[in-house]
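Visitor: First residue of the sequence shown: -7, per my numbering; consecutive thereafter. Below you will find the structure I want to go over with you.
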Amino acid sequence: MSANPPLIASYLRSQPQFDSRHLLRLMVDQQQIGWLEPRIAQILQQFDARFAIAAHTITLQLPPHALQTLMNAAALHLRELGEIRVWRDELYAVHPHVECGAFGIDTANTLFTLERGAFRRFGLCSQAVHINGLTDRAGLPQIWLGQRAATKGIDPNCLDNLAAGGIPHNETPAQCVIRELAEEAGISQHIAQQAVYIEQIRSTRNEIDGTHDEILYCYDLQLPAEVIPRNTDGEVAAFHRVSVAECAARLPEMTWDAGLVTARLLARLAST
């Protein structure tokens, strides 16, 4: 059955767009790192005068150690106020934005690290891997979708890729792929190493808890027919092996990022 290009195109048009008109820029020296809602900016200014607002911008001009200390304290303060509800105890690297280059961030320049759960509140750009799982049945491609557990702090019960997850500050995308495939889908390292890098996408949108801004490293993994994914970390409730046509029909059930990655996979399949 067809991947239904009109359905895919309609879904991609439905993806939320980013609107920065009501937001304040967060800068380190002359480098932008994020976006702040005015209400959060006011809270931060009251917390520490160094978060001063001028011309719709907060600019932090601090040496690295002082910057790290301030941002850690600010994140903890927002958590205490209930403004950061999902705390992961994972550190992500914070990079400045750049106007040129494929990434949109300068990954060679780490300004500081911060708790993963704080990234949306500060509008910081994170990085993640998304792995499409494919298999063949009767000569036709099928796609593995994971269903997120009801206990997930973000997007519970939604459909997801075979595996997906954020990249901590001390991991490469390739290392993250192997780890996430093992944790979320029980895939051996031998098979996980066969994942093929496809592209990177930047996904940015306004969310109720701040700005979601993430670089998605997209991979395809062809699974042998006898390999059945099984979750090992409690983050996936079930796996569904679906046809291309069913996958296209179920795009609205997916998280925005996983749906974007999957729709682009379906578009590639439709063009072959």
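Just so you know, even glycine gets a beta-carbon here, dropped at the ideal spot from N, CA and C.
#1: Would you identify the three-state DSSP class for Cys117, choosing helix, strand or coil?
#2: Residues in its own chain within less than 8 Å of Thr102 by CB, not counting five upstream and five downstream?
#3: I'd like to know whether the C-beta atoms of Pro30 and Arg197 end up nearer to each other than 7 Å.
#4: Should Gly158 and Ser195 be called a contact, given that it needs their Cβ atoms to be closer than 7 Å?
#5: In whole angstroms, what is the alpha-carbon distance linking His204 and Arg112?
#6: Trp27 and Gly131 look like a contact to me (Cβ under 8 Å); what is the Cβ gap, rounded to whole Å?
#7: Please state whether DSSP places Asp212 in a helix, a strand or coil.
#8: I'd like to know if the stretch 200 to 218 and the stretch 118 to 129 are in contact, where contact means that at least 3 CB-CB pairs between them fall below 8 Å.
#9: How about Ala184 and Pro221: are their beta carbons less than 7 Å apart?
#10: Using 10 angstroms around the beta-carbon of Gly251, count the other beta-carbons present and answer buried if the total reaches 16, otherwise exposed.
#11: Relative to the C-alpha of Thr99, which candidate in Glu107, Glu227 and Val90 has its C-alpha closest?
#12: In the structure shown, what three-state DSSP assignment does Thr254 receive?
#13: Please classify Asn153 as buried or exposed, where buried requires at least 16 other C-beta atoms within 10 Å of its C-beta.
Guide: Looking at the atomic coordinates:
#1: Counted from its first residue, the sequence shown places residue 117 at position 125. Cys117: strand per DSSP, three-state reduction.
#2: As a working note, residue 102 is residue 110 in the sequence shown. Hits under 8 Å: Ala85, Val86, His87 and His161.
#3: Position 38 of the sequence shown holds residue 30. Position 205 of the sequence shown holds residue 197. Contact flag unset, no.
#4: If you number the sequence shown from 1, residue 158 lands on position 166. If you number the sequence shown from 1, residue 195 lands on position 203. No, the Cβ-Cβ distance between Gly158 and Ser195 is not below 7 Å.
#5: The count along the sequence shown starts at 1 and reaches residue 204 at position 212. The count along the sequence shown starts at 1 and reaches residue 112 at position 120. Rounded to whole angstroms, His204 to Arg112 spans 5 Å at the Cα level.
#6: Position 35 of the sequence shown, counted from the start, is the residue given in the question as residue 27. Position 139 of the sequence shown, counted from the start, is the residue given in the question as residue 131. Contact flag wrong, Cβ pair sits at about 48 Å.
#7: Walking along the sequence shown from the start, residue 212 turns up at place 220. If DSSP states are grouped into helix, strand and coil, Asp212 belongs with the strands.
#8: yes
#9: What you label residue 184 is simply residue 192 of the sequence shown in a count that begins at 1. What you label residue 221 is simply residue 229 of the sequence shown in a count that begins at 1. No. Outside cutoff.
#10: Taking the first residue of the sequence shown as 1, we reach residue 251 at position 259. It counts as buried.
#11: Here residue 99 is taken as the residue at index 107 of the sequence shown, counted from 1. Among Glu107, Glu227 and Val90, the Cα nearest to that of Thr99 belongs to Val90.
#12: What you label residue 254 is simply residue 262 of the sequence shown in a count that begins at 1. If DSSP states are grouped into helix, strand and coil, Thr254 belongs with the helices.
#13: Along the sequence shown, read from residue 1 onward, the residue named residue 153 stands at position 161. Classification for Asn153: buried.
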